[in-house]
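Chains as they are written, first to last, in the numbering used here: chain A, 1 to 359; chain B, 1 to 359.
To start, the structure itself, in structure tokens.
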DNA sequence: CCGCTAGTGTGCAACGTTGTAGAACCGCCG
DNA sequence: CGGCGGTTCTACAACGTTGCACACTAGCGG
């Protein structure tokens, strides 16, 4: 049936191990031998059987990326970046969709598919600090996001508070006084919603603006639909606003839709800024200002840390916490550029790397 | 190190083979034995070693989905649907991004990662009918799209010509006479661009409207950016239009952006319809009318056909060609609904299944 | 009480690869 | 010319699982 090393060896008149050596780039092989083997490989169309190799080497060459849903553009773009980064390093990515359900997120950490890959890059959305125990695993793990801190794993996160504060201050600097927030999670103390809300409140304080509960719009899932609903509710309630900070771009695009439906001009009457800087932001009408949290760098760093950890083979190196630089990207929806103009970076929040020795 | 069946067997006081039987649901096992084994598995935290199982069974439980890029929302949503469908059936999906390059698409069909999975769902964008030979492979393959026909593989495609014609006729039925096309590929004879353009021309003919080369806008890659550029070119050239049919939604959103930048009202001055019905379409401003080619059904059917083929184990069953129903989805950008209203289905093009005996 | 079937469990031999250890050869130094 | 270091190649034994064939028991019909 399938061609094996055995067949190649026979054809080339060498031992099976020599074929293996050629395939794996072992240096001490006479050029002539190597050529014979390579010719045999070509003629027979031989391909290494990965299952056998994986069994023998206890490595699969695969890593898992677990995200809530690919339908969410932020995660689709993140997945794209992670796959590309892994590919460059010769690794293959397997994507798990958790739908942000506790059950599926737990599955990912220790379920039946866990063993298929050599490591995990995990962006949890349902599990939180109370589940820290679940994150104490003995395989290489990189955690993304801001729901879980202190786990014995490398961590790549973003500048949530500082960037949200900067976004809020940017709106204030445009002279806006009634700045609404869309996407809050009431009572939540961890996660992006809480952190970005904190940044928003800090921004208001620094700008000397009062807090007003009416300006805070809840939205459980950060989808376009929920953004539109939250915005609609606020408008229907007659809340007076002149700016909106949406906690992600999907919410912002939904909110934009609702504003449009209410006949409100953006940025004329209401300025709008999102968070994530997804591709869409550049092409919405009007083009959406946003916060670029450094997505490519996050993907890149996550893969790099994971592969390093996989290579290190269980040595208890200190865990790292990496935060990329983030940027405030000004476009039409905040009036930073005219229609048709390219975006302007109107602010940068520096990131950094912390080293945490394991507890 | 890792727990193996051997450890479990020892602990449960049974043979290794009995553990295997329990794990695999072999029926002839005494309940008491089964419980003992399961208890041992739980206590030791045993997980099947997939590499070993894969080697032995010559199956991996993985399938590959090859798409151009996950950053393109259509493919992200397709991937989401494929992963979900596969997951329901107990299978895992590995995503390959080809960036629509010939080299990478060829890699996917026979490259080093090919062996990792039991089958392939492939949406080619660079390879075409001249490469038919490459598609003659001896592993289970389902081809998506409309670039390659006649390969010895199952095929899931869409109603391109009929749906494009219906979209064009819909614009005509709104009284539009100068209907532009965005996304044409000049000289191309296969692929979505050619087919949808054919549908467009048929639609014009049936509506009694003249063809006008000035109304046809080229756009190589179907991205938002190229859609915006093509639209801008046409507007800057002073071409008079009252409607636009964009060959996909990304183009349409880009075009919408350009129309907005030129101060043109949609749908007041120009009606706009896209193709794909991606999630974005629902939340753009104004909400974008589109053609729903039956994406979920495509994903579902593709997985179903592939798994059937994998299960059939090389028997030469006739190849099938499946076309889902497609729908014209009317939203604000064609004035079919008012802002804030839900979409209306304004047309359906029935699909079907053809059986093709292998050549 | 023999033979048969259904139920329950086991031992052996792969699956295709790579790590380890070492054999065989070469040239060359002392 | 003995021995040594570098080069080239090979034999063997795993890696952890499952397919196959078979052993044994109990119950039951003839």
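Note that the Cβ used here is the ideal one computed from N, Cα and C, for glycine as well.
What you are looking at is a predicted structure, and each value in this text was computed from that prediction instead of being measured.
Cβ closer than 7 Å: which chain B residues qualify as neighbours of residue i?
{"i": "residue 52 of chain A", "result": "55"}
Need the endpoints of the beta strand (DSSP E) that residue i sits in, please.
{"i": "residue 349 of chain B", "result": "344 to 349"}
{"i": "residue 276 of chain A", "result": "No beta strand (DSSP E) contains residue 276 of chain A, which DSSP labels as neither H nor E."}
{"i": "residue 62 of chain B", "result": "62 to 67"}
{"i": "residue 199 of chain A", "result": "Premise fails: residue 199 of chain A lies in the alpha helix (DSSP H), 191 to 207, not in any beta strand (DSSP E)."}
{"i": "residue 243 of chain B", "result": "243 to 246"}
{"i": "residue 96 of chain B", "result": "92 to 97"}
List, in order along the chain, the chain A residues whose C-beta lies closer than 8 Å to that of residue i?
{"i": "residue 257 of chain B", "result": "283, 284, 285 and 287"}
{"i": "residue 84 of chain B", "result": "97"}
{"i": "residue 254 of chain B", "result": "283"}
{"i": "residue 279 of chain B", "result": "71 and 224"}
Where does the unbroken alpha helix (DSSP H) through residue i begin, and where does it stop?
{"i": "residue 319 of chain A", "result": "Where residue 319 of chain A is concerned, there is no enclosing alpha helix (DSSP H), although the beta strand (DSSP E) it sits in stretches over 319 to 323."}
{"i": "residue 6 of chain A", "result": "5 to 12"}
{"i": "residue 16 of chain A", "result": "16 to 23"}
{"i": "residue 251 of chain B", "result": "249 to 261"}
{"i": "residue 37 of chain B", "result": "31 to 44"}
{"i": "residue 103 of chain B", "result": "102 to 110"}
{"i": "residue 78 of chain A", "result": "73 to 88"}
{"i": "residue 188 of chain A", "result": "Neither: residue 188 of chain A is in no alpha helix (DSSP H) and is coded neither H nor E."}
{"i": "residue 161 of chain A", "result": "160 to 173"}
{"i": "residue 54 of chain A", "result": "50 to 57"}
{"i": "residue 225 of chain A", "result": "224 to 236"}
So who's on the other strand from residue i, going by DSSP bridges?
{"i": "residue 327 of chain B", "result": "B/292 and B/348"}
{"i": "residue 120 of chain B", "result": "B/64 and B/141"}
{"i": "residue 218 of chain B", "result": "B/184"}
{"i": "residue 155 of chain B", "result": "B/143 and B/321"}
{"i": "residue 354 of chain B", "result": "B/321"}
{"i": "residue 264 of chain A", "result": "The partner list for residue 264 of chain A (beta bridge, DSSP) is empty, contrary to what the question assumes."}
{"i": "residue 179 of chain A", "result": "A/243"}
{"i": "residue 271 of chain A", "result": "A/243"}
Against residue i, what residues of chain B qualify as contacts under a CB-to-CB distance less than 8 Å, listed in chain order?
{"i": "residue 113 of chain A", "result": "92"}
{"i": "residue 133 of chain A", "result": "Those within 8 Å of residue 133 of chain A in chain B number zero; the least Cβ separation is about 14 Å."}
{"i": "residue 80 of chain A", "result": "69, 70, 71 and 97"}
{"i": "residue 49 of chain A", "result": "55 and 115"}
Judging by CA-CA distance, which residue of the options is the nearest neighbour of residue i?
{"i": "residue 291 of chain A", "options": "A/262, A/3, A/245 and A/254", "result": "A/245"}
{"i": "residue 341 of chain B", "options": "B/283, B/182 and B/270", "result": "B/283"}
{"i": "residue 40 of chain A", "options": "A/273, A/52 and A/20", "result": "A/20"}
{"i": "residue 350 of chain B", "options": "B/328, B/333 and B/338", "result": "B/328"}
{"i": "residue 303 of chain A", "options": "A/325, A/143 and A/152", "result": "A/143"}
{"i": "residue 170 of chain B", "options": "B/336, B/30, B/2 and B/353", "result": "B/336"}
{"i": "residue 17 of chain A", "options": "A/11, A/294 and A/5", "result": "A/5"}
{"i": "residue 222 of chain B", "options": "B/201, B/266 and B/255", "result": "B/255"}
{"i": "residue 268 of chain A", "options": "A/130, A/243, A/258 and A/257", "result": "A/243"}
{"i": "residue 185 of chain B", "options": "B/153, B/126 and B/219", "result": "B/219"}
{"i": "residue 96 of chain B", "options": "B/237, B/274, B/75 and B/260", "result": "B/75"}
{"i": "residue 103 of chain B", "options": "B/2, B/91 and B/124", "result": "B/124"}
{"i": "residue 347 of chain A", "options": "A/331, A/355, A/326 and A/334", "result": "A/326"}
{"i": "residue 216 of chain B", "options": "B/232, B/224, B/121 and B/207", "result": "B/232"}
{"i": "residue 53 of chain A", "options": "A/151, A/23 and A/29", "result": "A/23"}
{"i": "residue 305 of chain A", "options": "A/14, A/27, A/270 and A/153", "result": "A/153"}
{"i": "residue 72 of chain A", "options": "A/225, A/309 and A/285", "result": "A/225"}
Which residues in chain B sit within 9 Å of residue i, going by Cβ to Cβ distance?
{"i": "residue 140 of chain A", "result": "Ordered by position in chain B, no residue passes the 9 Å Cβ test against residue 140 of chain A, which lies about 15 Å from the chain."}
{"i": "residue 235 of chain A", "result": "Correct list: empty, because the minimum Cβ distance to chain B is about 11 Å."}
{"i": "residue 240 of chain A", "result": "What residue 240 of chain A touches in chain B: nothing, since even the nearest Cβ is about 21 Å away."}
List, in chain order, every chain A residue whose beta-carbon is nearer than 7 Å to that of residue i.
{"i": "residue 340 of chain B", "result": "261"}
{"i": "residue 60 of chain B", "result": "51"}
{"i": "residue 228 of chain B", "result": "283"}
{"i": "residue 77 of chain B", "result": "71"}
Chain A partners of residue i, CB-CB under 9 Å?
{"i": "residue 271 of chain B", "result": "Here the premise fails: no neighbours, minimum Cβ distance about 15 Å."}
{"i": "residue 89 of chain B", "result": "By Cβ distance, chain A contributes nothing, its closest Cβ being about 14 Å from residue 89 of chain B, past 9 Å."}
Meets three-Cβ-pair contact criterion under 8 Å: the segment 189 to 197 of chain A and the segment 158 to 170 of chain A: yes
Given 8 Å, three or more beta-carbon pairs between the segment 133 to 140 of chain B and the segment 291 to 299 of chain B: no
The segment 318 to 337 of chain A / the segment 100 to 120 of chain A touching (three or more Cβ pairs under 8 Å): no
Given 8 Å, three or more beta-carbon pairs between the segment 83 to 90 of chain A and the segment 76 to 94 of chain B: no
Given 8 Å, three or more beta-carbon pairs between the segment 141 to 158 of chain A and the segment 175 to 193 of chain A: yes
Validate contact between the segment 63 to 75 of chain B and the segment 28 to 38 of chain B using beta carbons, cut 8 Å, 3 pairs: no
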